[in-house]
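Protein chains: 2
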Amino acid sequence: MADLKDDQVDRLVSEIHDYQITHGSLLKLVRLQEHGNPSVPCRPVSVSLLPTAFPGRLFDDALALQQSFNELYVRASNDHQWLESVLRPLLQYDEFVRVLWKIVQDTRKRGQAQPIVCGIFRSDYMVQKDSMSLKQVEMNTFSVAGACHAERAAKMHRHVQNALGIKHNGTLLESNNTSSLVESLALAHEHYEQATSHKVCVLMIVQGMNFNIADERPIEYGLVHKGIPCYRCDWYDVLSSTTLDRDGTLLFSHSFDGEHFEVSVVYYRAGYEYAEYEEDGIRIRLHLEQSRAIKCPDVLTHLMTLKIMQAALAKQGVVERYLPLDDASGVRGTFMPMQPLDGSEASQRLRQEAMAPTDGARYVVKPNLEGGGHNIFDEAVPQFLELLDREVSGGYTIMRMIEPPQDIQGLLNTGDRIYRGPVVSELGVLGTCLWRRGKEGVEILSNKAAGWTFKTKPTGVQEMNVVKGNGCFDCPLLT
Amino acid sequence: MADLKDDQVDRLVSEIHDYQITHGSLLKLVRLQEHGNPSVPCRPVSVSLLPTAFPGRLFDDALALQQSFNELYVRASNDHQWLESVLRPLLQYDEFVRVLWKIVQDTRKRGQAQPIVCGIFRSDYMVQKDSMSLKQVEMNTFSVAGACHAERAAKMHRHVQNALGIKHNGTLLESNNTSSLVESLALAHEHYEQATSHKVCVLMIVQGMNFNIADERPIEYGLVHKGIPCYRCDWYDVLSSTTLDRDGTLLFSHSFDGEHFEVSVVYYRAGYEYAEYEEDGIRIRLHLEQSRAIKCPDVLTHLMTLKIMQAALAKQGVVERYLPLDDASGVRGTFMPMQPLDGSEASQRLRQEAMAPTDGARYVVKPNLEGGGHNIFDEAVPQFLELLDREVSGGYTIMRMIEPPQDIQGLLNTGDRIYRGPVVSELGVLGTCLWRRGKEGVEILSNKAAGWTFKTKPTGVQEMNVVKGNGCFDCPLLT
Numbered sequence: 001m002a003d004l005k006d007d008q009v010d011r012l013v014s015e016i017h018d019y020q021i022t023h024g025s026l027l028k029l030v031r032l033q034e035h036g037n038p039s040v041p042c043r044p045v046s047v048s049l050l051p052t053a054f055p056g057r058l059f060d061d062a063l064a065l066q067q068s069f070n071e072l073y074v075r076a077s078n079d080h081q082w083l084e085s086v087l088r089p090l091l092q093y094d095e096f097v098r099v100l101w102k103i104v105q106d107t108r109k110r111g112q113a114q115p116i117v118c119g120i121f122r123s124d125y126m127v128q129k130d131s132m133s134l135k136q137v138e139m140n141t142f143s144v145a146g147a148c149h150a151e152r153a154a155k156m157h158r159h160v161q162n163a164l165g166i167k168h169n170g171t172l173l174e175s176n177n178t179s180s181l182v183e184s185l186a187l188a189h190e191h192y193e194q195a196t197s198h199k200v201c202v203l204m205i206v207q208g209m210n211f212n213i214a215d216e217r218p219i220e221y222g223l224v225h226k227g228i229p230c231y232r233c234d235w236y237d238v239l240s241s242t243t244l245d246r247d248g249t250l251l252f253s254h255s256f257d258g259e260h261f262e263v264s265v266v267y268y269r270a271g272y273e274y275a276e277y278e279e280d281g282i283r284i285r286l287h288l289e290q291s292r293a294i295k296c297p298d299v300l301t302h303l304m305t306l307k308i309m310q311a312a313l314a315k316q317g318v319v320e321r322y323l324p325l326d327d328a329s330g331v332r333g334t335f336m337p338m339q340p341l342d343g344s345e346a347s348q349r350l351r352q353e354a355m356a357p358t359d360g361a362r363y364v365v366k367p368n369l370e371g372g373g374h375n376i377f378d379e380a381v382p383q384f385l386e387l388l389d390r391e392v393s394g395g396y397t398i399m400r401m402i403e404p405p406q407d408i409q410g411l412l413n414t415g416d417r418i419y420r421g422p423v424v425s426e427l428g429v430l431g432t433c434l435w436r437r438g439k440e441g442v443e444i445l446s447n448k449a450a451g452w453t454f455k456t457k458p459t460g461v462q463e464m465n466v467v468k469g470n471g472c473f474d475c476p477l478l479t
Numbered sequence: 001m002a003d004l005k006d007d008q009v010d011r012l013v014s015e016i017h018d019y020q021i022t023h024g025s026l027l028k029l030v031r032l033q034e035h036g037n038p039s040v041p042c043r044p045v046s047v048s049l050l051p052t053a054f055p056g057r058l059f060d061d062a063l064a065l066q067q068s069f070n071e072l073y074v075r076a077s078n079d080h081q082w083l084e085s086v087l088r089p090l091l092q093y094d095e096f097v098r099v100l101w102k103i104v105q106d107t108r109k110r111g112q113a114q115p116i117v118c119g120i121f122r123s124d125y126m127v128q129k130d131s132m133s134l135k136q137v138e139m140n141t142f143s144v145a146g147a148c149h150a151e152r153a154a155k156m157h158r159h160v161q162n163a164l165g166i167k168h169n170g171t172l173l174e175s176n177n178t179s180s181l182v183e184s185l186a187l188a189h190e191h192y193e194q195a196t197s198h199k200v201c202v203l204m205i206v207q208g209m210n211f212n213i214a215d216e217r218p219i220e221y222g223l224v225h226k227g228i229p230c231y232r233c234d235w236y237d238v239l240s241s242t243t244l245d246r247d248g249t250l251l252f253s254h255s256f257d258g259e260h261f262e263v264s265v266v267y268y269r270a271g272y273e274y275a276e277y278e279e280d281g282i283r284i285r286l287h288l289e290q291s292r293a294i295k296c297p298d299v300l301t302h303l304m305t306l307k308i309m310q311a312a313l314a315k316q317g318v319v320e321r322y323l324p325l326d327d328a329s330g331v332r333g334t335f336m337p338m339q340p341l342d343g344s345e346a347s348q349r350l351r352q353e354a355m356a357p358t359d360g361a362r363y364v365v366k367p368n369l370e371g372g373g374h375n376i377f378d379e380a381v382p383q384f385l386e387l388l389d390r391e392v393s394g395g396y397t398i399m400r401m402i403e404p405p406q407d408i409q410g411l412l413n414t415g416d417r418i419y420r421g422p423v424v425s426e427l428g429v430l431g432t433c434l435w436r437r438g439k440e441g442v443e444i445l446s447n448k449a450a451g452w453t454f455k456t457k458p459t460g461v462q463e464m465n466v467v468k469g470n471g472c473f474d475c476p477l478l479t
């Protein structure tokens, strides 16, 4: 389809825009809303104009690995000693880690009010060209986004294929991300509901002025459609809208009619940025974590999303501590060489290589921050490492960059231009999990691969963040 | 609910916006699209924040009348002599009527290629306060809009009622407008399909740069979902995208892959503005009308949408010519005093009354134009009538204004403000019809009430055009 004419591209853009507008594939531009004006502008989220090729075998591999990754992160999050050993070096200079760790400790002090935890994860991969194998970019365990957008993008490509009679050299995938996520929250809800006779609801903790509601609301609507009340509560409204009973029951008071609900599941779609913990943020998080509500997920699982954790798990023997050998080897096969800059021998070796790369290898240095956009790439790496203060270096992770194939062609609407040329895609595999924490270890109650996301960016664009304008939601065309 | 606090209104606005954004209740702001920028802004269509009270008995009356109105307009459109007598006085100065009438004549000359006609109508009503009865505002027979928006607004109000726990003093209505319209087009399609062995499609003729795609696309998607191909064709692309066979078969060539379809149904969502008939417009319309495709609707039915027709049908004895007496009396009961300014005795009498209104009566003078926005109201009427050129006065209709109840309270988001206060609502009843024209009269193959639209504006705002910013889509709360 690389030979599309300009008027065909125009037709494609218009067909896709109309599908997106009528199917909620949009961003709500709350920050462009004029003061005092009760309307709100929005725009279609950036998407590929045609689906992008991806090896079918690697797609299947990625989905097959997800249960192992879920289990690995769940079990590791329960290993308090290991967790502490990884985080301790960061506590002196990483404010965010310090805050979260303090919440862990305060919660422990009061005793575990709710042993059951719910997790919605996403493991991101790119293809490594030399071996044509899957390599993990990162694992997200907190406030995972993109599931609803990805589902819409897949359905959009299927619609456009039929509407315009496009013949593809490959198989277009379907997606049921939203209902998978709804199922996992519903399962947690039912576990809680069994033990109470009060009216219960799922509470989705969200950021105010949120431009990404189209990735959150469908999950709420899905729960409501199943007869499970679900309400949104702004992060900064938590203390005024909820109360904590003496026994840890979290009560939510509906701001509209004042009706009270017992909260079954706290589903975090906020609280992932350090800025949210200034002011009242710490009290808010502690208030929620101390409650008897099932957290999706709890603060221990939240900590697992830090980049330092990915590097710590990659160290020799760690994965093998939490997974059966077969599963461990599959998981480990997706790891790129990676080390926290903690002064260890292995870390020094990788640092040396990055200072003077051989055989065309490229490196990236990642700070221990959420959300990307702070990474140091390629040529900038040696100078950065040279100047990096030894004191704070433990807050950074060095990773050999994944080198994706250069011959994949794509057609993208990035929102500010139509791009036709070589592209790089990132496959995210969604996982859901429900488990019971105990001193003897965790009991896993449910563990599933729950769908996928797929994003594509022009080759040469470093970061992949669709809502910030880098890259597009896309659908893999399996080859 | 008139005692909602400001923060509750804010909550309502946000809840509604998010529902609209995720359910395609939007306008596509194509004209605000920056040149060369492949994104497009959009915004939620204006809606009421709470449903507005409407008498349940009158709602039922309106739906019960629709089949009679369908039949009246269908039969009248087939009465060539009467149609000509009504239109003849306008031909000398109303360009649009002249153009459409010329197309009628040219099509007749070539012989009727397709006797079956499909109609999607909407009869609009307001409540007359003194008698608490339904009065017809107008009847729309061409390119009827609002069905999909109305359905979304109704579903939105149902969602919000549940999500926020709002208790209403009345019954919230449901709507299945879109599937009703899809059914009627599908029925026409099947009638055509029986007689051919070629691949057939419905062709939706649309305006380019259309901001109202969210009211059109769901009908297309609904047809496609039923396995009926449906394509959009811009009005000005008709001659390049379709060809007419010697036998009148209309062939549509798919601009994307060049596949050819025989057109079963031409569904007009364009061609209702005179400006569209400048340049190539006449040839476009003639091309479509001459074809063997079933028109939804044909040019004869199109003419019935002119305001002059409503006044002509209101004349003594006319309705009774086309309907059984019982049905005729129900229909006539909804007519306000109304006359074309054609110099007849009855017209002179009404003109006199409007020049010096007694008993608080108010009048409106309507030019014979589509789309509203050109009417002369109230105090402006006498001076306008005084100065109106006798030559062109036949192009105007004078109508006693409906006086709606003044005590209905509403809460609206008109897009530029939140309005709380007295409101006026307009109920539209959708009708669908399929019939066969013949010299002996028409044979009606299907005749249905197909749903409703409901719009509300602040009292004092004259015109009701939601997409132009006057009024809101709404849902009747039956009392």
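Same order as they appear, the protein sequences are chains A and B.
Oh and the first sequence: position 429 is 429 in UniProt numbering, straight run, nothing missing.
Oh and the second sequence: position 344 is 344 in UniProt numbering, straight run, nothing missing.
Just so you know, even glycine gets a beta-carbon here, dropped at the ideal spot from N, CA and C.
Since the structure is predicted, the reported quantities are computational estimates derived from the model, not experimental observations.
field: Run of the alpha helix (DSSP H) containing P38 (chain A), from where it starts to where it stops
entry: Unbroken run through P38 (chain A): none, as it is neither H nor E.
query: What residues match up with N465 (chain A) in a beta bridge as DSSP calls it?
result: A:N470
Alpha-carbon to alpha-carbon, Y19 (chain B) and P38 (chain A): 15 Å
- request: Please state if the CB of F256 (chain B) and the CB of G410 (chain A) are separated by a distance shorter than 7 Å.
  value: no
task: For M399 (chain B), collect the residues of the same chain with a Cβ closer than 6 Å to its Cβ; drop the 5 residues on either side in sequence, then sort them by chain order.
output: M336, M338, V364
- prompt: Along chain B, which residues have their Cβ under 8 Å away from the Cβ of E259 (chain A)?
  reply: G165
- prompt: Closest by CA to M126 (chain A), which one among A:F54, A:H157, A:I16, A:E84?
  reply: A:F54
query: Taking just the CA atoms, how far does H225 (chain B) sit from residue 502 (chain A)?
result: Residue 502 (chain A) is absent from the structure shown; chain A starts at 1 and stops at 479.
task: Using three-state DSSP, classify I284 (chain A) as helix, strand or coil.
output: helix
- request: With 7 Å as the C-beta to C-beta threshold (strictly closer), list the residues of the segment 325-356 of chain B near chain A in chain order.
  value: none
- prompt: Run through DSSP, which three-state label would S425 (chain A) get?
  reply: strand
query: Can you tell me whether DSSP reads K155 (chain A) as helix, strand or coil?
result: helix
message: Using a Cβ distance threshold of 8 Å, determine whether the segment 441-451 of chain B contacts the segment 62-79 of chain A, with at least three qualifying pairs required.
response: no
- prompt: With a cut-off of 7 Å, does the C-beta of L477 (chain A) fall near any C-beta of chain B?
  reply: no
- request: Please confirm if L17 (chain A) has its CB atom under 7 Å from at least one CB of chain B.
  value: Per the sequence presented here, residue 17 (chain A) reads as His, with Leu not at that position. Chain B, which has a Cβ nearer than 7 Å to the Cβ of H17 (chain A), makes this yes.
field: Counterpart residues of R437 (chain A) in DSSP-defined beta bridges
entry: A:V442
message: I want to verify the contact list: residues of chain A whose CB lies under 9 Å from the CB of G170 (chain B), in sequence order.
response: Going along chain A, no residue has its Cβ under 9 Å from G170 (chain B), so there is no contact; the nearest lies around 17 Å.
- request: Give a yes or no on whether 7 Å exceeds the smallest Cβ distance from R292 (chain A) to chain B.
  value: no
message: Pull the bridge partners of C233 (chain A) from the DSSP assignment, please.
response: A:I205
query: K28 (chain B) CB to nearest chain A CB: under 7 Å?
result: yes
query: Cβ atoms of F211 (chain A) and V466 (chain A): under 7 Å apart, would you say?
result: no
task: Pair every Cβ in the segment 82-94 of chain A with every Cβ in the segment 256-270 of chain A, then say whether three or more of these pairs are closer than 8 Å.
output: no
- prompt: If we count the other Cβ atoms within 10 Å of its Cβ and call it buried at 16 or more, is P476 (chain B) buried or exposed?
  reply: buried
task: Can you give me the start and stop residues for the alpha helix (DSSP H) that A328 (chain B) sits inside?
output: 325-332
field: Option in A:P41, A:F59, A:T301 with minimal Cα separation from E174 (chain A)
entry: A:F59
query: If you count every other CB in all the chains shown that lies within 10 Å of the CB of A188 (chain A), and 16 or more means buried, which is it?
result: buried
- request: Using a Cβ-Cβ cut-off of less than 8 Å, list which residues of the segment 194-226 of chain B approach chain A; keep chain order.
  value: I213, A214, R217, P218, Y221, V224
field: Best match in B:L63, B:G24, B:L32, B:D10 for proximity to F454 (chain B) [C-alpha to C-alpha]
entry: B:L63
field: For S14 (chain B) and Q66 (chain B), believed in contact at Cβ under 8 Å, the rounded distance
entry: Contact flag wrong, Cβ pair sits at about 37 Å.
- request: Output the boundary residues of the beta strand (DSSP E) element that contains K366 (chain A).
  value: 363-367
- prompt: Going by alpha carbons, who is nearest to T196 (chain A) out of A:L350, A:L251, A:L288?
  reply: A:L251
query: Between G170 (chain A) and G227 (chain B), what straight-line distance do the alpha-carbon atoms span, to the nearest angstrom?
result: 23 Å
Bounding residues of the beta strand (DSSP E) (the contiguous stretch that carries N413 (chain B)): 409-413
Interface residues of the segment 40-68 of chain B facing chain A [CB-CB below 7 Å]: V40, P41, C42, R43, P44
query: Are the CB atoms of E289 (chain A) and I103 (chain A) nearer to each other than 7 Å?
result: yes
message: So with CB distances below 7 Å, who are the chain B contacts of P38 (chain A)?
response: V13, N413, R417, I418
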